[in-house]
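Enquirer: Residue numbers (this note's numbering): 6 to 470. Take a look at this one; I'll ask things after.
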Amino acid sequence: MATTLAPEPVWPRLGIPRLTGNGRFVSASLIDSLGTGLIMAFTLVYFARTTPVSVTAIGAAMTLARLLALPVSLVVGPLIDRFSARRTAAWGNLVSVCGYLGFLWASSVWQIVLVVFLVQVGHTTYWTSSSGLVVLASPEDRRTSWFGFMTALRNTAMAIGGALAAFAFTLGEGTALHAIVMGNAASYVLAATLLFLWRPAPQNGPDAAGAPHATGTATDNATAGDTATATVPVGKAGPERLDAAGPEPLGETAPEPREVRAGYATVLRDFDYTLLIGVNATLVFGQMLIKVLLAIYIVDALKLPAWTAGALIVVNAAQVSLTQTLVAKRTEKVRMTRAIMLAAVLNAAAFGLFALLYVTPDAVTYAGLFLAMAFFTLAEVIAFPAVDTLSVSMAPAHIRGRYLATYQLSWTVGEVAAPGLLTFLLARGDVLPMLFLLGLSLVAIPLLLALERRAATTSTIGERA
């Protein structure tokens, strides 16, 4: 008698990973992303409407608070290694709660610095821990899909949070704005509680994920119950680490004292990981297109109406939300470094097209802008799940927190440095920032080739790239 196979459920076909047992983690991430989107757009206006401090002074206070919080990720790394990403992320949410509640009484510049600093510490703690949370939730051969899913969830939730902030501005002043802050604080208490209650299951078998790669070494294929640090040398995770590491320990137990003594010097001596951080820095600068450059380039350089920039941002958000999980699912089947190379080429094409549009007629410029944004967004959805996957699979499990903290710092430093550098270039030539980003995107390719040569990837996944 012939047997028929049940059709694959729709969610896996869309690239959405199996969430069984991880609902609390996903819900907590949704809350964090909503809150982040809300507060990014809300903070300046909130203090402008509820305090006597000038807008200029508020902006300076917020900048100072964020600069003071720059080293926080380096403190968070050892906490992750000692207490686990789950607990550390939950504590970060509680620190954010303290900051949000402080909004209610802040009325001077130094108080604004203090409470924004607390919020920034909480956010940095959570986001530094977030890659470790994905490791806890995902089977190793579905990790890229998980990173893609979490990226789509985060972008969508942050956009909704920003929309909620815009709605909040219509509510006037005083009580309504305070109520929003208290509601946001309460939501972070809920997120922390969900993380404390979440008990991720060890991902050490083929359950819903497929078997481990047959080409891995004995260390690569260690079960989740094994101690990876007994066999993996510091700074290495075997020859497969450009594709995916083998299943790791759950990460909820404290490391041995010998492992605690491994510090940031170990990370800096890992030249492969340093190359990866350099690659990520090129991507971070590229991401500043939307946050820093797009609107001013369109309005001042291309002489187009401001709504054009808004429309392009909507296109970017929609494309990420609708395609991220599908693209991440496809990316799992190729070598991670090759996926990032493709993204670098797409970024270079996008920035080159943005620069070329400086000399085209308006009719061509409008169409070209949307094409360039499509290239840029495709690069984004390909690159970041892949580079996030490498950031965790290349990190030894016993000091992964320190590795991820260094990786997160590359984001933070890039976000601080890029606005000044890009606006400096813009003041000296309308297309110079785009040409700079084009060149920086291409720099990622030799870095990735060097990373491949050093790691000598030979896995089945790598051979299919």
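Glycine is no exception: its CB is placed at the ideal position from the N, C-alpha and C atoms. What you are looking at is a predicted structure, and each value in this text was computed from that prediction instead of being measured.
Is the Cβ-Cβ distance between T417 and L75 less than 8 Å?
Expert: Taking 8 Å as the Cβ cut-off, T417 and L75 qualify as a contacting pair.
Enquirer: Expressed to the nearest angstrom, what Euclidean distance is found between the alpha-carbon atoms of W151 and V58?
Expert: Using only the alpha carbons, I get a separation of about 43 Å.
Enquirer: Near Y193, which residues of its chain fall below 8 Å by C-beta distance, leaving aside the five closest residues on each side in sequence?
Expert: Here the set comprises I36, D37, G40, N98, L99, S101, V102, Y105 and G127.
Enquirer: Counting pairs of beta carbons, one from the region 328 to 340 and one from the region 420 to 440, are three or more of them closer than 8 Å?
Expert: Result no; under three Cβ-Cβ pairs closer than 8 Å.
Enquirer: On the DSSP letters alone, give me the boundaries of the alpha helix (DSSP H) that N189 sits inside.
Expert: Per DSSP, N189 belongs to the alpha helix (DSSP H) from T180 to L202.
Enquirer: Would you kindly work out how many angstroms separate the C-alpha atoms of E457 and I450, rounded to a whole number?
Expert: Spanning the two alpha carbons is a distance of roughly 11 Å.
Enquirer: Give the C-beta separation of L409 and T133 to the nearest angstrom, bearing in mind that I take them to be a contact with Cβ-Cβ under 8 Å.
Expert: That pair is a contact at about 6 Å.
Enquirer: Work out the CA separation of A388 and V397 for me, nearest whole Å.
Expert: Going from the Cα of V397 to the Cα of A388 covers about 15 Å.
Enquirer: DSSP on V80, reduced to helix/strand/coil?
Expert: DSSP places V80 in helix when its eight states are reduced to three.
Enquirer: Buried or exposed: which applies to W115, given that a residue is buried once 16 or more other Cβ atoms fall within 10 Å of its Cβ?
Expert: The residue is exposed, with fewer than 16 neighbouring Cβ atoms inside 10 Å.
Enquirer: Do F30 and W312 have their C-beta atoms within less than 8 Å of each other?
Expert: For F30 and W312, no; Cβs fall outside 8 Å.
Enquirer: Over the uninterrupted alpha helix (DSSP H) stretch that includes L5, give me the two end residues.
Expert: It is not possible to answer for residue 5, since the shown part of the chain is limited to 6 through 470.
Enquirer: In the DSSP assignment, find the unbroken alpha helix (DSSP H) run with T330 in it and report its ends.
Expert: Residues W312 to T336.
Enquirer: Using the C-alpha atoms, what's the distance from V118 back to A66?
Expert: Distance between the alpha carbons of A66 and V118 is about 5 Å.
Enquirer: Taking the alpha-carbon of G444 as reference, which of F290, G315, I404 and L307 has the nearest alpha-carbon?
Expert: When each option's Cα is compared against that of G444, the closest is F290.
Enquirer: Identify, in the order they occur along the chain, each residue of the same chain with its Cβ nearer than 7 Å to the Cβ of G107, setting aside the five sequence neighbours on each side.
Expert: Excluding sequence neighbours, G107 sits near L119, V120 and L123.
Enquirer: Going by DSSP in three states, G127 sits in which element: helix, strand or coil?
Expert: If DSSP states are grouped into helix, strand and coil, G127 belongs with the helices.
Enquirer: State buried or exposed for L195, treating a residue as buried only when at least 16 other CB atoms are found within 10 Å of its CB.
Expert: Counting Cβ neighbours within 10 Å, L195 comes out exposed, since fewer than 16 surround it.
Enquirer: In chain order, what residues of the same chain lie with their CB nearer than 8 Å to the CB of L362, ignoring the 5 residues before and after it?
Expert: Correct list, in chain order: L307, V369, T370, G373, L374 and A377.
Enquirer: My output table needs one value for A267: the three-state DSSP class, helix, strand or coil.
Expert: Of the three classes helix, strand and coil, the one that applies to A267 here is coil, per DSSP.
Enquirer: Hey, how far is the Cα of T465 from the Cα of V339?
Expert: At T465, the pLDDT of 34 sits below 50, so the modelled position is not reliable; the number obtained from the coordinates is stated separately. Roughly 9 Å between the two C-alpha positions.
Enquirer: Three-state secondary structure (DSSP) at R91?
Expert: If DSSP states are grouped into helix, strand and coil, R91 belongs with the helices.
Enquirer: Once DSSP output is grouped into helix, strand and coil, what is the label at G221?
Expert: Interpretation of G221 is limited by its pLDDT of 34, a score under 50 that renders its predicted location unreliable; the figure taken from the coordinates is listed afterwards. Of the three classes helix, strand and coil, the one that applies to G221 here is coil, per DSSP.
Enquirer: Going by the C-beta, is A354 closer than 7 Å to any heavy atom of the ligand GDP?
Expert: This structure simply doesn't include the ligand GDP, nor any ligand for that matter.
Enquirer: Out of curiosity, what's the CA-to-CA distance linking L79 and G179?
Expert: One C-alpha to the other measures close to 37 Å.
Enquirer: With a 10 Å radius around its C-beta and 16 neighbouring C-beta atoms as the bar for buried, classify V140 as buried or exposed.
Expert: By the 10 Å Cβ count, V140 comes out buried.
Enquirer: Assuming contact is defined by CB atoms lying nearer than 8 Å, are L158 and T55 in contact in what I supplied?
Expert: No. Outside cutoff.
Enquirer: Distance, Cα to Cα, P252 vs R23?
Expert: A caution first: P252 carries a pLDDT of 39, below 50, which makes its placement in the model unreliable, though a value can still be read off. So the two alpha carbons sit approximately 17 Å from each other.
Enquirer: Let me make sure I understand the geometry here. Which of T129, N160 and L280 has the alpha-carbon closest to that of A90?
Expert: When only C-alpha atoms are compared, the closest one is T129.
Enquirer: Comparing alpha-carbon positions, which option in N189, F52, L383 and A190 lies nearest Q324?
Expert: Considering only alpha carbons, the answer is L383.
Enquirer: Who are the near neighbours of A391 in its chain, counting only those whose CB is closer than 7 Å to its CB and skipping five residues on each side?
Expert: Around A391: T149, T336, M341, A344 and I345.
Enquirer: For the alpha helix (DSSP H) containing V289, list its first residue and its last residue.
Expert: F276 to M293 is the extent of the alpha helix (DSSP H) around V289.
Enquirer: Going by CA-CA distance only, name the one from R87, N160 and A53 that's closest to S112.
Expert: S112 has its Cα closest to that of A53, out of R87, N160 and A53.
Enquirer: Where L431 and L199 are concerned, what is the direct C-alpha to C-alpha distance, given to the nearest angstrom?
Expert: About 45 Å.
Enquirer: Taking the alpha-carbon of L285 as reference, which of E420, R92, W110 and M45 has the nearest alpha-carbon?
Expert: Note that residue 285 is Asn in the sequence shown here, rather than Leu. The candidate whose alpha carbon is nearest that of N285 is E420.
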